[in-house]
Each structure stands twice: as structure tokens, then as C-alpha cells.
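Colleague:
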Amino acid sequence: MSESKLLNRNYTVDLPIFEGPLDLLLFLIKKDELNIYDIPISKITQDYLAYLEIIKELRLSTAGDFVLMAATLMKIKARMLLPVPEAEGEEAEDPRSELVNMLLEYKRFKEAADHFADREHTQNRMYYRVPSTSEGEFEVGAEDLLADVKLYDIMLTFQYLLQNYEEPLSHEVAMEAVSTSEQGAYLKILLNQSEEVWFTEIMKDLGSRLVIIVTFLAILELIRSREIIMEQNDLFSDLRIRRGERFG
Amino acid sequence: MDKSELIQITEALLIATPEPLTEARFAQCFDSTPDMSLNEIIESLSAFYKETDRAFQIFKVANGYQLVTRKEFEPFVKRLYTRSARLRLSQAALETLAIITYRQPISRVEIEAIRGVSSDSPLRTLLERRLIEIRGRDEGPGRALLYRTTTEFLQYFGLNSLQDLPKLREAQELIQDEDESLV
Amino acid sequence: MDKSELIQITEALLIATPEPLTEARFAQCFDSTPDMSLNEIIESLSAFYKETDRAFQIFKVANGYQLVTRKEFEPFVKRLYTRSARLRLSQAALETLAIITYRQPISRVEIEAIRGVSSDSPLRTLLERRLIEIRGRDEGPGRALLYRTTTEFLQYFGLNSLQDLPKLREAQELIQDEDESLV
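Residue numbers (my numbering), protein chains in the order written: chain A, 11 to 258; chain B, 426 to 608; chain C, 426 to 608.
(1) Would you give the residue range spanned by the alpha helix (DSSP H) that Phe119 (chain A) belongs to?
(2) Give the secondary structure of Phe578 (chain B) by DSSP, where H, G and I count as helix, E and B as strand, and everything else as coil.
(3) Run down chain B in chain order and give the residues with a C-beta less than 7 angstroms from the C-beta of Asp75 (chain A).
(4) Under a three-way DSSP split, which group does Ser235 (chain A) fall into?
(5) Check this for me: beta carbons of Gln636 (chain C) and Tyr572 (chain C), under 8 angstroms apart or not?
(6) Is DSSP giving Lys485 (chain C) helix, strand or coil here?
(7) For the alpha helix (DSSP H) containing Val534 (chain B), list its first residue and its last residue.
(8) If you measure beta-carbon to beta-carbon, which residues of the segment 428-454 of chain C are closer than 9 angstroms to chain A?
(9) Starting from Gly561 (chain C), trace the alpha helix (DSSP H) in both directions and tell me its first and last residue.
(10) What's the gap between the Cα of Val159 (chain A) and the Cα of Thr574 (chain B)?
(11) Could you give the C-beta distance for Gly541 (chain B) and Tyr116 (chain A), rounded to a whole number, given that I count them as a contact under 8 angstroms?
(12) By the 7 angstroms beta-carbon criterion, what residues does the segment 115-129 of chain A contribute toward chain B?
(13) Note down the Cα distance separating Met11 (chain A) from Glu497 (chain C), rounded to an integer number of angstroms.
(14) Of all Cβ atoms in chain A, is any one closer than 8 angstroms to the Cβ of Phe501 (chain C)?
(15) Locate the alpha helix (DSSP H) running through Leu249 (chain A), then write down its first and last residues.
(16) Classify Glu444 (chain C) as helix, strand or coil using the three-state DSSP reduction.
(17) Going by beta-carbon coordinates alone, are Ile199 (chain A) and Thr526 (chain C) separated by less than 8 angstroms?
(18) Going by alpha carbons, who is nearest to Leu463 (chain C) out of C:Gln482, C:Gly561, C:Arg479, C:Gly489?
(19) Does the segment 188-195 of chain A come close enough to the segment 547-559 of chain C to have 3 or more Cβ pairs within less than 8 angstroms?
(20) So Asp456 (chain B) packs on Leu431 (chain B), CB below 8 angstroms; how close in whole Å?
(21) For the segment 191-228 of chain A, which segments carrying the alpha helix (DSSP H) assignment without a break, of at least 4 residues, lie completely within its bounds, in sequence order?
(22) Which of the three DSSP states is assigned to Met240 (chain A) in this structure?
(23) Count the other CB atoms within 10 Å of the CB of Leu522 (chain B); is the residue buried (16 or more) or exposed (fewer)?
(24) I want to verify the contact list: residues of chain A whose CB lies under 7 angstroms from the CB of Pro591 (chain C), in sequence order.
(25) Would you list, in chain order, the members of the segment 47-65 of chain A that have their beta-carbon closer than 8 angstroms to a beta-carbon of chain B?
(26) May I ask whether a heavy atom of the ligand PLP can be found less than 7 angstroms away from the beta carbon of Ala81 (chain A)?
(27) With 16 as the cutoff for other CB atoms within 10 Å, does Lys120 (chain A) come out buried or exposed?
(28) Across the segment 196-212 of chain A and the segment 554-568 of chain C, are there enough close Cβ pairs to call them in contact, namely three or more that are closer than 8 angstroms?
(29) Do we get a CB-CB distance below 8 angstroms when we pair Ala523 (chain C) with the residues of chain A?
(30) Classify Gln491 (chain B) as buried or exposed, calling it buried when 16 or more other Cβ atoms lie within 10 Å of its own Cβ.
(31) Can you find a C-beta in chain C that's less than 8 angstroms from the C-beta of Phe257 (chain A)?
(32) Of all Cβ atoms in chain B, is any one closer than 8 angstroms to the Cβ of Arg562 (chain C)?
(33) Give a yes or no on whether 8 angstroms exceeds the smallest Cβ distance from Arg89 (chain A) to chain C.
(34) Quick one: list the residues of chain A neighbouring Ala596 (chain C), beta-carbon separation under 9 angstroms, in chain order.
(35) The alpha helix (DSSP H) with Lys496 (chain B) in it runs from where to where?
(36) Might you give, ordered along the chain, the residues of its own chain that have their beta carbon closer than 6 angstroms to the beta carbon of Pro105 (chain A), omitting 5 neighbours on each side?
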């Protein structure tokens, strides 16, 4: 996370830039000195959603990831409200534990990243000896020539050549005209045709990430207006989408 | 070949080498095994550079030795490079790199699972700056591309080997921190 | 800034400069005109290197100065370069190699259609270096020679087979513009 000035239309705001939803959550936990092992989920969801509004406003490329986390938080919140079923002897798992583990794991790497930043800072002050360009011709083999070539270079080079020389193969990436209302309409057509549709089935055919994110937003919109219902049997299992009470 | 000659030759190698002078590269320059170990020679040269207050020193990096300018001359040396100013890595790139470093070889999906956010752009930056490279594919069903750190990575961060890096903190320690910060 | 400091800074510049240190590049490293001329400083450093019998010397090239190893160490120094990153594939060779990698087996005519220029010379280089090999002939009327990459080439990148190569789609995912905004 870093402090940065963002210009938004006609006013400037000082807003911490978050690397992702986990970064934002860690910030919220630290800000209010919350216990990471006993996160007050209602409060944090509320704070999170407030930030989410700003993030959406800023139209960051990673906004979709923030939206996904909002859904996770709301799901955890819902689970916390459910009565814990009487388990035989064993303790029921805390609905928050998965998230806590993710946060702790992420935090470790965030710390490592800080260490890297320090090293980078020190190292940037020293300059390596740069020998002058070749003073003689030497016999070399394949490995020597490839020593400085990465697979990435080969990929990029080919990609570049295709774009520039091979007319029939290069295809312009058309601007995707896609909106939540269109994607919502598409979803309703699907639900008119069958009782239920599966989330992964819909997503599979969408292609670009942009379309996937927009469709996901459309789904959230339709759930909110109670036109559709989304259900899940287990964590990470597929989501079933059905017509809601206001479907029409 | 006497010792002083051996030291001189090694100095020439240090001046001419475009990458760290490792034991292997050093050995390759001689027909028979030299009378002094590379370490011994380096120590002797280092002592001389220190004594005579040279503007450079020998740096142990990427499992070898390389000459670097001393830190205090940075304000002057950096002006040689005005056009390609040393761009520091973004926070996203550092996080992504940290994950790759400790978990390599690793796929993009696994990185994103830890970061909780899509990581195309930092991966691209790291590839372009040659700090990571593509290395093979996952055995799993997705056959995802795997990434790992490069020798350039070691040089960039002034590391002799990956073992030089501190261990990732255990989850247990992090929890203790949390407890302490609760007051 | 006293003279000895000025000399030290210049030594750091000589160590770090990727191109000869010209008057102009030297001047650009200081805010005000230094008390000594570059020539004077170079003479002083040169004298020290000679006195202490360093393995390197300052060499005047193209209006500037460069540190180079002394001639007598060449037999050792040149062995460094049998395995170094200094020798690079030319852009032409890299392009040709990239096309063969992704379109193999492929004829010279097809390669030239993509590159838009004659590709004899890069093909020869790649064949000599055993990065590519000739494998069979085209079925078409011309019965053109077909090129493909060697096993060594794949092994170098840690690929078990051509199937393991990054797909173009994967390249696109990495390269695509990340600024796509929502809705």
C-alpha cells in the first residue's frame, strides 16, 4: 500500500492505494486495531464496502478482484448469522478461518516484499562494472548465444512479427461494447430457457476478463433486485442461479 | 605462475567479466588448478583496494564476485545513466516477486491466489526486467506456465544465493505480533 | 571537493560507464566545472595503475576513456567469453528463431513472408549454432527445405516438448493492456 494523489475529475483526493482486497483488509484491521483472529465481520464488511465504492469510482483494473472479496465477506457474514449445527463432539469451523489464513499468508509475503524494497534501495546505490563491448571475436556455441535470451523474448518477438507482417493472421482486438444491463438481459434469456444455470457454465463462454467481470457485476445487480437467486452448496463449489421472486 | 601473477590475472578477469566471476568461470580460464583459491585471491585484492582507497570494491553476488562502485559515489555515477534512470519496482511487482522467490516454480494462478488480485501487469514488468523467467509448465491438468527467479534477480538485489534471503516468517510469529499490537 | 575526491569519483565513473567516458559525459556528472580537467585526472589515475602494476589500464578511444585489461592477460580473459552473456543473438536471428519456434516445420520462403526480408544469413547463424536444424522437405511443388528447432534448444529453456512452449494466447494475456476499465 502506498500513499498517492489521485486526480479524479475536478478534485484531488489523498487515498491509500491498495494492492488488492487482502491489502485493503489488512489496512482496515490495523487501522482499528482489530484482532485478526476475531474479526468483527459486520464492521469490516461495512468499512470494506465503503472503500469499494471509491475503488469502483476510480475504475481501477483490479476492481473486479475487490468486488469478489466483497461477495466473500458478505457470505461469511451470512454464515455467522446462521445457527451453528449441533456437531457430535467436534467443534464447528469458524466461517472466518479461511479468510484469516489467506490474510496471514499474504502478510508474510508483503513483509518479504518490504525486505526486497530495502535491498533494492541499498543495491541501487552500487553500480556494477560494465565491461566495454567485445574487443575480439571468440568461438561460441549455442548455449553461449542463448545465455541472454529468455523464452519471453521469443514469445514477444513472434507476437510482434505477427502484428506487423502477417496481415491475414493479425486480428485487431475490437473494443468490447459490453454493459451490465446487456449482460443482465443475457442472463435472463438463459433463465427463461431453463430453470437454473450454473455460474461456471456462463463464465466459460464469455471470453475476455472484462466481459466476465461485467457479467459478474450484472449478477450481483440482479441478486440485489431479487430477480435472481444464487446458491452454493459448499465453499468453492459451483454456484447455481435460479429465478427470483421478482424475476420478469 | 606465481601468486602475484595469479592475483593480477584475477584482477583482469574481474575487470573484463560481464557477469559475476564464479569458481567455475575462474577455473575455466586456467589449464591447471591455480595455486591459490579464488577466495584467497579475492581477499588479497580486496585488502589492496581498501588500503589504497579505491572508488570500487569487490562484491560477492550470484555465487561469484563482481566489481561495484562504492555507495558514496552514487550521486555522481547515477548521472551517467540519466536516460535510463533506475526505476524502482512497484509494490505490486515486489509482492509478486516475493511470492515467486519463496514458492518457485509457481504459476500465475497460485500467485494470484496469495495476492488476492490479478497479477498480469507485475508479471510482465518482472519478465521485461529479467528478474523472473518462464520455466516449464505445471504437471497439473491446467499445464500452467511456471515462473522462477533469474541470476539477474540475485544481482539486482545483491544476493549471493537464494539462501541469503531471510526465511519467510512463520504464521505463528505473525499471530504473536498481532497479539502484541492489541495492547 | 578536493582533487583526491575528484580523482576517486572519476575512477568510479570509469568502472561504471558502459561507454567511453567523454568530456561531455564527465561534465554531466558534476554540478559545477571540476577543478581538474579530465585529462589531468586520467593522467594521475594512469600513473597510479602503472605504479602499482594493475592488470588494467586506461585506454583512449573515440574521444573518451575506458578501463581495459592489459594485453598480456588476454589469453586468460578470452576464456571467460566462451560462456558469457556478452555475445547476443542479433535481432534478425532472434526473429527468425521465434518464427521457426512457433511455426515449425517451416520453409525459408514462409519465414521471409513473415519477416518481410531475406533471411539467409540469420538462418545460417542459427544452423551453425545448432539452435535449428533442417528436417525434411515441403510436400509442395518447390520441395523447399524445412527448418525446425533442435532438442538442445528446447532443453535450454527447460521444455520437454514443443507442447510446453508458451502459447500465443498466454503471451497475449501477459501483454494485453491492463488499463481496461470497468463497464
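The beta carbon of each residue, even a glycine, is placed where N, CA and C say it ideally should be.
Computed from a predicted model, the values in this text were never measured in an experiment.
Modeller: So, to answer that:
(1) In the first sequence, counting from the first residue as 1, residue 119 (chain A) sits at position 109. Looking at the DSSP string, the run of the alpha helix (DSSP H) that includes Phe119 (chain A) is 107-133.
(2) Here the question's residue 578 (chain B) lines up with position 153 in the second sequence. Secondary structure of Phe578 (chain B) (DSSP, three-state): helix.
(3) As a first step, residue 75 (chain A) is located in the first sequence; it is residue number 65 there, counting from the start. Going along chain B in sequence order, the residues near Asp75 (chain A) (Cβ under 7 angstroms) are Gly541, Val542, Ser543.
(4) Position 225 of the first sequence, counted from the first residue, corresponds to residue 235 (chain A). DSSP places Ser235 (chain A) in coil when its eight states are reduced to three.
(5) Residue coverage of chain C in this structure runs from 426 to 608, which leaves residue 636 (chain C) outside it and unanswerable.
(6) The count along the third sequence starts at 1 and reaches residue 485 (chain C) at position 60. Annotated three-state conformation of Lys485 (chain C) is strand, per DSSP.
(7) Here the question's residue 534 (chain B) lines up with position 109 in the second sequence. Residues 533-540.
(8) Result list: Ala437, Ile440, Ala441, Thr442, Pro443, Glu444, Pro445.
(9) Here residue 561 (chain C) refers to the residue found at position 136 when the third sequence is read from its first residue. First-last for Gly561 (chain C): 557-562, but that is the beta strand (DSSP E), not the alpha helix (DSSP H).
(10) Residue numbering aside, residue 159 (chain A) sits at position 149 when the first sequence is read from its first letter. Residue numbering aside, residue 574 (chain B) sits at position 149 when the second sequence is read from its first letter. Straight through space, the alpha carbons of Thr574 (chain B) and Val159 (chain A) are spaced by roughly 15 angstroms.
(11) Against the second sequence, residue 541 (chain B) aligns to sequence position 116. Against the first sequence, residue 116 (chain A) aligns to sequence position 106. Beta-carbon to beta-carbon, Gly541 (chain B) and Tyr116 (chain A) are separated by about 6 angstroms, close enough to satisfy the 8 angstroms threshold.
(12) Answer in chain order: Glu115, Tyr116, Lys117, Arg118, Phe119, Lys120, Glu121, Ala122, Ala123, His125, Phe126, Ala127, Arg129.
(13) Position 1 of the first sequence, counted from the first residue, corresponds to residue 11 (chain A). Position 72 of the third sequence, counted from the first residue, corresponds to residue 497 (chain C). Annotation note: pLDDT 47 at Met11 (chain A) (below 50); position unreliable, coordinate value reported separately. Their backbone Cα atoms lie some 55 angstroms apart in a straight line.
(14) On the third sequence, residue 501 (chain C) is found 76 positions in, with the first residue counted as 1. Using a CB distance cut-off of 8 angstroms, Phe501 (chain C) does not count as an interface residue toward chain A.
(15) The sequence position of residue 249 (chain A) within the first sequence is 239, counting from 1. No alpha helix (DSSP H) holds Leu249 (chain A); the beta strand (DSSP E) holding it covers 249-253.
(16) As a first step, residue 444 (chain C) is located in the third sequence; it is residue number 19 there, counting from the start. Correct three-state label for Glu444 (chain C): coil.
(17) Taking the first residue of the first sequence as position 1, residue 199 (chain A) is located at position 189. Taking the first residue of the third sequence as position 1, residue 526 (chain C) is located at position 101. Ile199 (chain A) is not a Cβ neighbour of Thr526 (chain C), given a cutoff of 8 angstroms.
(18) Within the third sequence, numbered from 1, the residue matching residue 463 (chain C) stands at position 38. Selected option, being the one with the closest Cα: C:Gly489.
(19) No, the segment 188-195 of chain A is not in contact with the segment 547-559 of chain C.
(20) Numbered from 1 along the second sequence, position 31 holds the residue referred to as residue 456 (chain B). Numbered from 1 along the second sequence, position 6 holds the residue referred to as residue 431 (chain B). Actually they are not in contact, since the Cβ atoms of Asp456 (chain B) and Leu431 (chain B) sit about 13 angstroms apart, beyond 8 angstroms.
(21) Taking only runs of at least 4 residues, the alpha helix (DSSP H) segments lying wholly in the segment 191-228 of chain A are 209-214.
(22) Looking up residue 240 (chain A) in the first sequence gives position 230. Residue state, collapsed to three classes: strand.
(23) Along the second sequence, read from residue 1 onward, the residue named residue 522 (chain B) stands at position 97. Looking at its Cβ environment, which holds 16 or more other Cβ atoms inside 10 Å, Leu522 (chain B) is buried.
(24) Numbered from 1 along the third sequence, position 166 holds the residue referred to as residue 591 (chain C). Those within 7 angstroms of Pro591 (chain C) in chain A are Leu161, Met165.
(25) Listed by position, the residues of the segment 47-65 of chain A near chain B (Cβ gap below 8 angstroms) are Tyr47.
(26) Because no ligand of any kind appears in the structure shown, any question about the ligand PLP cannot be addressed here.
(27) By 1-based counting over the first sequence, the position of residue 120 (chain A) is 110. Classification for Lys120 (chain A): buried.
(28) Contact between the segment 196-212 of chain A and the segment 554-568 of chain C is absent: fewer than 3 CB-CB pairs across the two stretches fall below 8 angstroms.
(29) Taking the third sequence and counting its residues from 1, the one referred to as residue 523 (chain C) is at position 98. Chain A contact via Cβ: present.
(30) One-based indexing of the second sequence puts residue 491 (chain B) at position 66. Burial call: buried.
(31) Position 247 of the first sequence holds residue 257 (chain A). So, not an interface residue.
(32) In the third sequence, counting from the first residue as 1, residue 562 (chain C) sits at position 137. Taking 8 angstroms as the CB threshold, Arg562 (chain C) stays off the interface with chain B.
(33) In the first sequence, the residue the question calls residue 89 (chain A) occupies position 79. For Arg89 (chain A), the answer is no, since every Cβ of chain C falls outside 8 angstroms of its Cβ.
(34) As a working mapping, residue 596 (chain C) is identified with position 171 in the third sequence. Correct list: Tyr162, Met165, Leu166, Phe168, Gln169.
(35) Along the second sequence, read from residue 1 onward, the residue named residue 496 (chain B) stands at position 71. Unbroken run through Lys496 (chain B): none, as it is neither H nor E.
(36) The residue labelled residue 105 (chain A) in the question sits at position 95 within the first sequence. The beta carbon of Pro105 (chain A) is closer than 6 angstroms to those of Ile86, Arg89, Met90 in its chain, skipping five residues each way along the sequence.
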